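Visitor:
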Amino acid sequence: MLKTVSAVGALADALRGRILSGEIEAGRSLPEQEVAAEYGVARPTVREALAVLVHEGLLRRERNRSAHVPEVTVSDLDDLMYVRRPLEDLMVEAVTGRRVSGAEEALARMAALPSDAPWSSAVAEHMALHEALIEAVGSPRLERLYGVLAAETRLGLVGLREVYTDRDVLVSEHRELLDAIAEGPIAAAKAMVRDHLSHSWGR
-9 MLKTVSAVGA
1 LADALRGRIL
11 SGEIEAGRSL
21 PEQEVAAEYG
31 VARPTVREAL
41 AVLVHEGLLR
51 RERNRSAHVP
61 EVTVSDLDDL
71 MYVRRPLEDL
81 MVEAVTGRRV
91 SGAEEALARM
101 AALPSDAPWS
111 SAVAEHMALH
121 EALIEAVGSP
131 RLERLYGVLA
141 AETRLGLVGL
151 REVYTDRDVL
161 VSEHRELLDA
171 IAEGPIAAAK
181 AMVRDHLSHS
191 WGR
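In the numbering used here, the protein residues as written are -9 to 193.
#1: Could you tell me whether the region 43 to 57 touches the region 2 to 21, where touching means 3 or more Cβ pairs closer than 8 Å?
#2: If we count the other Cβ atoms within 10 Å of its Cβ and call it buried at 16 or more, is Y136 buried or exposed?
#3: Are the Cβ atoms of L60 and L145 separated by less than 9 Å?
#4: If we require 4 or more residues per run, which alpha helix (DSSP H) segments fall completely within the region 22 to 66?
#5: Can you tell me the Cα-Cα spacing of A26 and V82, whole angstroms?
#6: Let me know if R131 comes out buried or exposed under the rule of 16 or more other beta-carbons within 10 Å of its beta-carbon.
#7: In the structure shown, what three-state DSSP assignment does R193 receive?
#8: Give the range of the alpha helix (DSSP H) segment to which A126 is assigned.
#9: Using a 10 Å radius around the Cβ and a threshold of 16 neighbouring Cβ atoms, would you call E78 buried or exposed?
#10: Report all residues from its chain with a CB closer than 8 Å to the CB of M100; omit the five preceding and five following residues, and keep chain order.
#11: Quick one: residues in its chain with C-beta nearer than 7 Å to the C-beta of A140, no 5 flanking neighbours on either side, listed in chain order?
#12: If we call anything under 9 Å between Cβ atoms a contact, is E142 one with L40?
#13: Within its chain, find whatever has a CB closer than 8 Å to the CB of R74; leave out the 5 residues flanking it on each side and keep chain order.
#14: Which residues does DSSP pair with S19 in a beta bridge?
#15: Check for me: the alpha helix (DSSP H) holding A107 runs from which residue to which?
#16: Between which two residues does the alpha helix (DSSP H) containing I171 stretch?
#17: What three-state label does DSSP hand S91 in the structure shown?
#18: Using a Cβ-Cβ cutoff of less than 8 Å, which residues in the same chain neighbour E226 once the five nearest sequence positions on both sides are dropped?
#19: When the Cα atoms are used, what is the spatial distance from Y29 to L1?
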């Protein structure tokens, strides 16, 4: 069956893709009137779509100012990892001993990306892998909490290409991560995940 997509949802999807690809860069403002003219939609539709992206952490909006794409700093990424760790601990407790097909598929897609693929494509598969692990827990509330963190993490990583100068390292690291979760024990898998989330972010 086809899923009905509202104008608000379609616009939010379009802007989200451009933000996460890096096409709309950090610091850029998105005035409602300009977005409405570019996409041929009414300003109330734009306002609602922007509100969705503000809620996801992909945009920020201050009183009497246009929404803008925030710069996710190294300190922001450290804080995101700090909050993600206990959520991923819950994931490890629930899925250790299992191969999660969605995560394996995301890793395979990451490994198959052509050498000239944009970094944002690797980041997208990277976060798809982590989100598949969270979804495997089967907790809608955990998914909602993680979803907001994942979007902001992805935005930050798109702007920090120097974290992984070689994509093969990214693939190898996640191969080890999935193997640790599949093979256990839980304590070892948790240690691997915590180490994975403790990056220096190119410092």
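From the three backbone atoms N, C-alpha and C, an ideal C-beta is built for every residue, glycine too.
Model, not experiment: these values are computed from the prediction.
Guide: Let me spell this out:
#1: yes
#2: The residue labelled residue 136 in the question sits at position 146 within the sequence shown. Its Cβ being crowded by 16 or more others within 10 Å, Y136 is buried.
#3: Against the sequence shown, residue 60 aligns to sequence position 70. Against the sequence shown, residue 145 aligns to sequence position 155. Note that residue 60 is Pro in the sequence shown here, rather than Leu. Contact flag set, yes.
#4: You should have 22 to 29, 33 to 46.
#5: On the sequence shown, residue 26 is found 36 positions in, with the first residue counted as 1. On the sequence shown, residue 82 is found 92 positions in, with the first residue counted as 1. Roughly 44 Å separates the two Cα atoms.
#6: Along the sequence shown, read from residue 1 onward, the residue named residue 131 stands at position 141. Exposed.
#7: As a position in the sequence shown, residue 193 is number 203, starting the count at 1. Confidence is the limiting factor: at R193 the pLDDT is only 45, short of 50, which leaves the residue's position unreliable, though a coordinate-based value still follows. In the three-state scheme derived from DSSP, where H, G and I count as helix and E and B as strand, R193 is classed as coil.
#8: Here residue 126 refers to the residue found at position 136 of the sequence shown. No residue range can be given for A126, since it is assigned to no alpha helix (DSSP H) and is classified by DSSP as neither H nor E.
#9: For this step, residue 78 is matched to residue 88 along the sequence shown. Buried is the call here.
#10: Along the sequence shown, one-based indexing puts residue 100 at 110. Taken in chain order, the residues that qualify are A112, E115, H116, L119, R157, L160, V161, H164.
#11: Taking the first residue of the sequence shown as 1, we reach residue 140 at position 150. Excluding sequence neighbours, A140 sits near M117, H120, E121.
#12: On the sequence shown, residue 142 is found 152 positions in, with the first residue counted as 1. On the sequence shown, residue 40 is found 50 positions in, with the first residue counted as 1. No; because the gap between Cβ atoms is not below 9 Å, this pair is not in contact.
#13: Counted from its first residue, the sequence shown places residue 74 at position 84. Only Y136, L139, T143, L187 meet the Cβ criterion.
#14: Position 29 of the sequence shown, counted from the start, is the residue given in the question as residue 19. Its beta-bridge partners are H58.
#15: On the sequence shown, position 117 is the one that residue 107 refers to. Per DSSP, A107 belongs to no alpha helix (DSSP H) and is neither H nor E.
#16: If you number the sequence shown from 1, residue 171 lands on position 181. Per DSSP, I171 belongs to the alpha helix (DSSP H) from 157 to 173.
#17: Taking the sequence shown and counting its residues from 1, one reaches residue 91 at position 101. In the structure shown, S91 sits in a helix (DSSP, three-state: H, G or I).
#18: Given a span of -9 to 193 for the chain in the structure shown, any question on residue 226 remains unanswerable.
#19: To locate residue 29, count along the sequence shown from 1; it is residue 39. To locate residue 1, count along the sequence shown from 1; it is residue 11. Going by the C-alpha atoms only, they are around 8 Å apart.
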